[in-house]
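Trainee:
There are 2 protein chains.
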Amino acid sequence: MLIRDLSRAAGVPASTIRYYERLGLLQAPQRSAAQYRLYGTADVERLRFIQKAKRLGLSLTEIGQLIALRAGGTAPCQQLKAMVSSHLQQLDQQIAELQALRQELATYHSNLAAQLTDDATAPTETFCQGTICGFIEQVSYDA
Amino acid sequence: MLIRDLSRAAGVPASTIRYYERLGLLQAPQRSAAQYRLYGTADVERLRFIQKAKRLGLSLTEIGQLIALRAGGTAPCQQLKAMVSSHLQQLDQQIAELQALRQELATYHSNLAAQLTDDATAPTETFCQGTICGFIEQVSYDA
DNA sequence: CTAAACCTTGAACCTAACTTCAAGGTCAAG
DNA sequence: CTTGACCTTGAAGTTAGGTTCAAGGTTTAG
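Put into structure tokens, the structure is as follows:
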């Protein structure tokens, strides 16, 4: 299988396949007489593995660690559990932050919409009082 | 005011101040005889404006657009409203995606936790059946 | 037999918002 | 009068996950 076939089979660009090989996520494949990379079905599996692990939010570095563990003869599931647990925490924090921002932004937008008409020719100057924009200058600075 | 004073007054590193100047977010300041940048209180205001706009989730590029509008004599509030509106939409989508992933990851983690004990010496091999890790290889590929 | 469509490599480029570095000038304290 | 803390510039490095490019070799269809 040439790199384009692997690319099609796994839905990953050839450039990305070569990139993964450089990162050590894929083994260096066999070569044809003309130095073309030759792949087998195990490589399709490996690429799919990487795609799935990415879907779980794992970084390429983390995926590399799992692969390395397995290559060293250890089942990487305990490690995986720790990674997933850590990602869950990060996700919770990130969601909380985004929701807080969303809430703030929504209030802010209502405020803006109530004071500004959609008419582009309206005298917004009356409302936008500030050095650059009073609506921004009202924003609190901390947090 | 020297750059370090502005830096302290606004809580922004001197390197970032020079960076903002290059981006056009801050006007080129006056210079001392030795070419040191000299700032006034308006620059403190401007930097605080930038910090506040960043708090609203605006990019430096967007902030630059607002500043440019004001410099051109137009109140940038309508533009701001559009930016905030667009960011709200993006935020909603991002939150929805993260929540879906969180849900999936939580289920996945329960599954993992139920089958793996915390005992590092446990025979995880029994459970982790797969080329690299059966738990990952079960993950669905699409979406 | 030639032109298109591949393949190879290493290096450079991309985003965003900075930070760091190198090499040099300035200024205040002791 | 020197040491150390600052200032200047332009360029390069950072992160992550790739993509694009240049220059060259190969393979295949017509």
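Keeping their order, the protein sequence lines are chains A and B. Sequential numbering of the first sequence, starting at 1, is according to the working numbering. Sequential numbering of the second sequence, starting at 144, is according to the working numbering. All C-beta atoms, glycine included, are put in the ideal place defined by N, C-alpha and C.
Taking Cβ to Cβ, would you say residue 105 of chain A is nearer than 9 Å to residue 224 of chain B?
Mentor: No. Outside cutoff.
Trainee: In chain B, what lies closer than 7 Å to residue 8 of chain A by C-beta?
Mentor: The contacting residues do not exist; residue 8 of chain A stays about 15 Å from chain B at best.
Trainee: Going along chain B, which residues have a C-beta under 8 Å from residue 91 of chain A?
Mentor: Result: 241, 244, 245, 248.
Trainee: Would the beta-carbon of residue 209 of chain B fall within 9 Å of that of residue 222 of chain B?
Mentor: Cβ distance < 9 Å, so residue 209 of chain B and residue 222 of chain B count as in contact.
Trainee: Keeping to the same chain, check which residues put their C-beta closer than 7 Å to that of residue 152 of chain B; ignore five residues upstream and five downstream.
Mentor: The answer, listed in chain order, is 187.
Trainee: Taking the CB atoms as reference points, tell me whether residue 76 of chain A and residue 160 of chain B lie closer together than 9 Å.
Mentor: Cβ distance not < 9 Å, so residue 76 of chain A and residue 160 of chain B don't count as in contact.
Trainee: Since I believe residue 64 of chain A is in contact with residue 25 of chain A (beta carbons under 8 Å), could you give me their beta-carbon distance rounded to a whole number of angstroms?
Mentor: 6 Å between Cβ atoms; contact.
Trainee: Quick one: is residue 30 of chain A near chain B, going by C-beta distance under 9 Å?
Mentor: False, the Cβ-Cβ gap to chain B never drops below 9 Å.
Trainee: Using the C-alpha atoms, what's the distance from residue 257 of chain B back to residue 27 of chain A?
Mentor: If you take the alpha carbons of residue 27 of chain A and residue 257 of chain B, they lie about 33 Å apart.
Trainee: Can you pull the chain B residues whose beta carbon is under 9 Å from the beta carbon of residue 131 of chain A, in chain order?
Mentor: Chain B residues near residue 131 of chain A: 185, 188, 189, 192, 213.
Trainee: Give the DSSP bridge partners of residue 79 of chain A, in chain order.
Mentor: Its beta-bridge partners do not exist; DSSP assigns none.
Trainee: Consult DSSP for residue 169 of chain B and reduce its assignment to one of helix, strand or coil.
Mentor: Here residue 169 of chain B sits in coil by DSSP.
Trainee: Let's test the definition: count the other Cβ atoms within 10 Å of the Cβ of residue 39 of chain A and tell me whether it reaches 16, buried, or not, exposed.
Mentor: Residue 39 of chain A comes out buried.
Trainee: Specify, as a first and last residue, the run of the alpha helix (DSSP H) that residue 283 of chain B falls within.
Mentor: Looking at the DSSP string, residue 283 of chain B is not in any alpha helix (DSSP H), and its letter there is neither H nor E.
Trainee: Quick one: what does DSSP say residue 181 of chain B is sitting in, helix, strand or coil?
Mentor: Here residue 181 of chain B sits in strand by DSSP.
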